[in-house]
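4 protein chains.
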Amino acid sequence: MELGMIGLGRMGANMARRLARQGHQITAFDPSPEARAQAQAPGIGPVGSLSELIAALPSPRILWLMVPSGQPVDSTLDQILPALAAGDIVIDGGNSNYKDSQRRGARLAELGLHFVDCGTSGGIWGLEEGYSMMIGGAPEVVESLRPIFASLAPSPTSGWGRVGPVGAGHFTKMIHNGIEYGMMEAYAEGFAILHHKREFDLDLHQISEIWREGSVIRSWLLDLTAAALEKDPGMTGLEPWVDDSGEGRWTVAEAIALDVPAPVITMSLIGRLRSRDRDSYSDKLLAAMRQQFGGHAVKKG
Amino acid sequence: MELGMIGLGRMGANMARRLARQGHQITAFDPSPEARAQAQAPGIGPVGSLSELIAALPSPRILWLMVPSGQPVDSTLDQILPALAAGDIVIDGGNSNYKDSQRRGARLAELGLHFVDCGTSGGIWGLEEGYSMMIGGAPEVVESLRPIFASLAPSPTSGWGRVGPVGAGHFTKMIHNGIEYGMMEAYAEGFAILHHKREFDLDLHQISEIWREGSVIRSWLLDLTAAALEKDPGMTGLEPWVDDSGEGRWTVAEAIALDVPAPVITMSLIGRLRSRDRDSYSDKLLAAMRQQFGGHAVKKG
Amino acid sequence: MELGMIGLGRMGANMARRLARQGHQITAFDPSPEARAQAQAPGIGPVGSLSELIAALPSPRILWLMVPSGQPVDSTLDQILPALAAGDIVIDGGNSNYKDSQRRGARLAELGLHFVDCGTSGGIWGLEEGYSMMIGGAPEVVESLRPIFASLAPSPTSGWGRVGPVGAGHFTKMIHNGIEYGMMEAYAEGFAILHHKREFDLDLHQISEIWREGSVIRSWLLDLTAAALEKDPGMTGLEPWVDDSGEGRWTVAEAIALDVPAPVITMSLIGRLRSRDRDSYSDKLLAAMRQQFGGHAVKKG
Amino acid sequence: MELGMIGLGRMGANMARRLARQGHQITAFDPSPEARAQAQAPGIGPVGSLSELIAALPSPRILWLMVPSGQPVDSTLDQILPALAAGDIVIDGGNSNYKDSQRRGARLAELGLHFVDCGTSGGIWGLEEGYSMMIGGAPEVVESLRPIFASLAPSPTSGWGRVGPVGAGHFTKMIHNGIEYGMMEAYAEGFAILHHKREFDLDLHQISEIWREGSVIRSWLLDLTAAALEKDPGMTGLEPWVDDSGEGRWTVAEAIALDVPAPVITMSLIGRLRSRDRDSYSDKLLAAMRQQFGGHAVKKG
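Protein chains in written order, with UniProt numbering: chain H, 1 to 301; chain L, 1 to 301; chain V, 1 to 301; chain G, 1 to 301.
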């Protein structure tokens with residue numbers, strides 16, 4: 001099929017490449033000339049503007065947005081919507097908040113356009129292994145895009161699916177990331193305990209490799225963990241500083257809004273906040289309180 | 001090799017079977033005649049007593065214990081140790097506490113016997129897929145058992161290894177199970193949020209299948225989850241009652257003893273306690289406190 | 001001073017009473033005739049409509065809203081604002097979200113009216129003991145209301161204060177309630193452990209009384225807890241079902257928005273959600289997963 | 001009454017002083033000559049050895065141990081038990097683990113001696129305000145000590161009591177401290193959120209003072225917090241490093257052993273561990289995992 005890819009960052013460029021390799025014809029745009037140059041490949045034709053991209057696509061147009069979530073998505077829509085025609089399809093493959101996707105879906109529907117939200121998992125490995133895609137949108141619209149999803153997915157019939165109406169795709173991807181937070185933290189805590197058990201002098205990389213085969217906790221995240229442990233088992237080159245990218249806090253907010261107790265996902269998020277709270281006011285106040293009531297030992301700053 | 005398998009429950013019987021299939025000769029004992037009868041297979045010779053088992057094995061004897069952790073291990077040792085000879089090897093393949101294994105290792109060493117603790121993961125699937133094994137013991141003793149571990153493992157050179165001295169095997173397995181608790185809870189919370197998002201009417205089994213291919217959270221536990229969701233997506237036939245088998249609480253105790261913060265593994269354990277606390281005293285007291293200070297709504301029992 | 005009290009529920013009626021006892025003249029309104037009849041007292045003149053209340057007050061008018069948070073506050077404002085004159089003061093003494101208070105403050109400011117948000121703590125005990133009040137608003141406006149706050153507070157010079165601009169009062173009250181959640185849960189957990197330590201056959205009411213004098217954990221919440229334990233130490237008459245009234249979840253959301261780790265306040269909220277999740281989907285899924293990988297014991301529903 | 005006080009640290013010296021002020025006659029010992037010299041006061045007679053102390057007391061002797069928990073208690077018992085006579089009473093007023101107290105109680109009982117475990121709360125403020133005491137021991141033994149407890153307590157008839165057999169006193173004190181952990185953390189988190197809400201520029205000391213009067217969260221710990229905030233509202237002079245003294249982890253272990261979910265007390269303990277884990281291995285591993293799967297931003301050490 002012919003598809004316009006908007007946003008040629010790591011994810012967008014790789015997805016364009018995977019689609020082109022499987023015979024799709026991609027018109028691609030990114031505001032950065034370097035990104036456009038790097039994206040050049042058989043089957044991928046970078047263009048210098050959004051209007052060129054829109055002009056180059058046959059009707060009904062298929063546009064895949066792979067831009068940072070939040071304002072960039074809305075601003076891209078502001079630019080392209082006036083030039084689109086009824087029946088055109090806009091897919092947001094990024095990490096948008098599902099409520100934004102619902103809002104955008106309504107906006108496009110008023111214009112006679114179709115909106116599809118596609119939560120995309122797989123990171124930089126998706127180019128070779130395929131992407132897992134959770135898709136929200138009208139059934140017939142999603143069905144019309146089948147050749148595209150089939151090419152991006154690990155196999156034509158697995159690793160992707162329409163999960164519900166507009167918004168359901170990004171909602172499902174949000175939960176996916178919440179689970180990811182919890183799993184990552186579980187592994188990190190486990191390896192930290194192993195690391196601190198000095199008396200056994202354990203080889204954490206070896207253990208991660210043992211677990212990769214046959215164990216109950218084998219997983220792709222464990223494969224990545226093993227790769228990280230192989231490079232630097234003592235984690236000497238890194239700061240204990242863990243970023244978060246939004247989906248974790250959205251998941252926590254959603255759990256609370258739905259009255260669903262999610263202590264582990266929540267504590268995973270809070271652990272990341274804690275990693276960046278280097279001069280914790282609450283811990284200093286606790287030290288001060290202890291000093292007040294018992295003259296307990298306090299470390300002076 | 002020739003090996004005596006003591007304990008023919010689900011795990012022990014399957015391990016004997018996998019060993020026999022790969023050409024090892026297994027003498028097997030279980031106090032239950034039914035278990036002995038069911039274990040009968042080419043390469044497996046059940047015997048009616050521990051003394052027969054010991055008598056049947058060539059020197060140095062290799063005995064693999066696959067009995068419930070705790071007292072049964074000690075009581076089995078009480079029975080077999082007097083009949084063993086210097087150089088014989090006893091492997092505990094069960095879920096023993098690593099401190100018990102250290103104690104037992106010292107006990108056997110005083111008698112000139114070798115003790116090996118082998119944390120074994122894989123459950124009922126190990127028979128076909130192989131077991132992941134984390135092994136503690138003297139290097140040359142573990143090396144002498146290589147053919148056995150190579151046959152039990154998913155492949156001769158992966159999924160198993162000596163991780164340290166006696167105790168290190170069960171220690172590593174304990175942490176493995178702690179991580180498992182955290183991962184299971186992360187999935188469970190994520191699916192619970194999906195389940196409660198009524199407006200999207202999500203198909204949880206479908207989503208689990210999508211995630212199995214290409215997603216960041218694909219894992220063997222997710223494969224099992226998908227199987228469970230396929231059978232009964234509404235979980236209608238189950239009580240919300242989650243048992244725990246010891247390793248989780250040992251992991252939490254170890255983390256605290258080592259001053260390692262492990263909030264997610266800990267909350268996973270507490271969640272299981274909570275699942276069985278059906279008439280929570282603390283929640284009733286909270287309701288009573290709210291009643292005291294504000295005349296808040298309270299559900300009468 | 002003369003003040004119009006809008007809302008004669010438990011809190012509003014008691015506050016009117018406390019003000020009237022100290023010589024203020026209260027015009028009072030509630031949509032319920034019963035509430036109006038019950039509020040009748042020396043110094044309190046109930047009226048049958050908001051317009052009568054507004055007409056009865058001298059300029060600049062002082063109106064105290066004590067209505068449920070959320071829509072009722074906005075709808076009351078919709079009714080009264082058209083009848084107010086520049087310089088009039090509206091105080092919201094309820095549990096509004098501070099962002100709503102900021103929005104309402106801006107709305108009133110455009111009309112030349114003053115808005116004051118007063119977070120009020122004390123529950124049904126405030127009538128006798130006085131209320132703790134955290135106040136947001138312009139300094140001179142709050143200062144002009146000093147006689148009112150001085151009368152409502154435990155003493156004229158303590159237990160109340162202007163903490164910042166409009167919104168700061170309800171923000172501070174929100175955090176107060178978040179802390180309250182954590183403290184309540186800490187007591188509840190402690191008493192639950194005592195309750196389950198059957199071998200000591202502890203008298204929980206006695207222990208609460210001991211702690212009330214001289215201990216590090218003495219507090220007003222402990223006084224209430226002791227009263228509840230005296231009435232029903234076994235908590236036999238209550239369901240383990242704990243409601244939450246909004247401020248807890250707002251506190252959790254705010255902590256996350258500010259990147260402040262607040263695990264205890266958060267877990268207190270999640271504990272309340274859990275108390276109402278009687279047929280936990282996540283726990284059922286955990287049981288199903290355990291069944292999948294190990295044939296573990298599962299309670300059939 | 002006449003009483004031998006062993007251990008003249010801050011707690012022991014203050015308790016001796018409070019007893020002497022109320023007419024009791026105290027023979028006092030501490031291995032440090034300075035501590036003995038400082039303890040000298042009307043009604044307090046320091047002696048230079050344990051044997052002198054024992055010789056100075058009338059029969060039946062009453063000995064109050066106020067030494068660090070753990071080995072020091074056992075070693076003191078080793079020294080004094082041989083010199084005691086049937087009917088003598090030893091009170092452990094320190095923070096011993098209740099299981100140690102049960103063991104010690106049995107040891108003394110075999111010798112015909114009485115053991116009483118007295119959990120003591122109040123810190124350095126107890127001298128003036130009295131101590132809260134939770135007492136375990138035989139009813140008639142505890143009753144015989146009534147004049148002593150009555151003098152140490154805030155009032156003769158409140159703030160103290162026999163809560164059960166030997167061990168029950170220290171058990172109850174342990175739970176007291178677990179609750180204390182949770183309350184402290186709740187306050188600390190609340191003030192941390194206030195601290196980070198820069199837009200309101202809140203005065204945390206002022207807010208703590210407002211809350212001290214009339215609010216639902218007023219408490220003695222809040223009084224201490226207010227004192228700490230008055231001295232240094234920015235907590236500029238302290239490290240975010242919070243010690244723990246044993247009872248918190250014992251409480252967590254006990255809760256788990258009894259299958260009682262205690263998430264808030266547990267997270268309070270874990271928060272303290274976290275405050276001292278300055279170079280968190282788990283957070284570094286999380287950063288490494290994120291780097292692996294997405295090329296996410298990582299802070300280099």
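For glycine and all other residues, C-beta sits at the position ideal for the given N, C-alpha and C. Being a predicted model, the structure only gives us computed values, none of them experimental.
With 16 or more other CB atoms across the displayed protein chains lying within 10 angstroms of its CB, residue 61/V is buried. Neighbourhood of residue 100/G in chain L, by CB distance below 7 Å: empty, with the nearest CB roughly 17 Å away.
Shown here, residue 213/L sits in coil according to DSSP, grouped into three states, outside any helix or strand.
Within the segment 275-294 of chain V, those residues whose Cβ lies closer than 7 Å to any Cβ of chain H are, in chain order, 276, 277, 293. Annotation: residue 25/L is outside any alpha helix (DSSP H); the continuous beta strand (DSSP E) that includes it extends over 25-29. A Cβ-Cβ contact shorter than 7 Å links residue 188/H with residue 286/G.
Within the model, the alpha-carbon separation for residue 207/H versus residue 135/L is close to 10 Å. Annotated three-state conformation of residue 109/H is helix, per DSSP. With distances taken between CA atoms, residue 119/G lies nearest to 166/G out of 76/G, 166/G, 51/G.
Of all residues in the segment 235-267 of chain G, the ones placed with a Cβ closer than 9 Å to any Cβ belonging to chain H are 235, 236, 237, 238, 239, 240, 241, 242, 243, 245, 263, 267, in chain order. By the 16-neighbour rule on beta-carbons within 10 angstroms, residue 157/V is exposed. When secondary structure is reduced to three states using DSSP, residue 262/V falls in the coil class, being assigned neither helix nor strand. Distance check between residue 91/L and each of 142/L, 202/L, 23/L places 142/L closest, using alpha-carbon atoms only. Chain-order list of chain L residues neighbouring residue 116/G: empty, with the shortest C-beta distance near 28 Å, by a criterion of under 7 Å.
Closest option to residue 266/H, judged by alpha-carbon separation, among 280/H, 6/H, 184/H: 184/H. Interface residue (Cβ-Cβ distance to chain G less than 7 Å): residue 270/L is classified as such.
With 16 or more neighbouring CB atoms inside 10 Å of its own CB, residue 88/G falls in the buried class. Closer than 7 Å to the CB of residue 66/V there is not a single CB belonging to chain L. According to DSSP, residue 220/H shares a beta bridge with no other residue. A direct Cα-to-Cα measurement between residue 74/G and residue 28/G gives close to 19 Å. Look at the segment 196-216 of chain H: the residues with a C-beta under 8 Å from a C-beta of chain L are 196, 197, 200, 201, 202, 203, 206, 207, 209, 210, 211, 212, 213, 214, 215, 216. Distance between residue 159/H and residue 76/V, taken at the CA atoms: about 53 Å. For residue 174/H and residue 123/H, the gap between their C-alpha atoms comes out near 15 Å. If you compare the alpha carbons of 292/H, 193/H, 215/H, 270/H with that of residue 231/G, the shortest gap goes to 292/H. Between residue 184/L and chain V, the shortest Cβ-Cβ separation is below 7 Å. Boundaries around residue 250/G are those of the alpha helix (DSSP H), 247-257, since no beta strand (DSSP E) includes it. Those residues of the segment 132-144 of chain H placed with their C-beta closer than 7 Å to a C-beta in chain G do not exist.
In the displayed model, residue 278/L falls within coil according to three-state DSSP, outside both helix and strand. Inter-segment contact for the segment 268-280 of chain V and the segment 4-13 of chain V is absent: fewer than three beta-carbon pairs are separated by less than 8 Å. For residue 273/V, at least one C-beta of chain H is nearer than 7 Å to its own C-beta. Judged by beta-carbon spacing, residue 23/V lies beyond the 7 Å limit of residue 179/G, meaning their Cβ atoms are not closer than that value. Between the alpha carbons of residue 223/L and residue 66/L lies a gap of roughly 27 Å. With distances taken between CA atoms, residue 48/V lies nearest to 31/V out of 39/V, 31/V, 55/V, 63/V. Annotation for residue 183/G: the continuous alpha helix (DSSP H) segment containing it runs 168-196. C-alpha of residue 210/L to C-alpha of residue 126/H: approximately 14 Å in a straight line. Counting only residues of its own chain and dropping the five nearest sequence neighbours on each side, residue 221/H has a CB closer than 8 Å to the CB of 180, 183, 184, 187.
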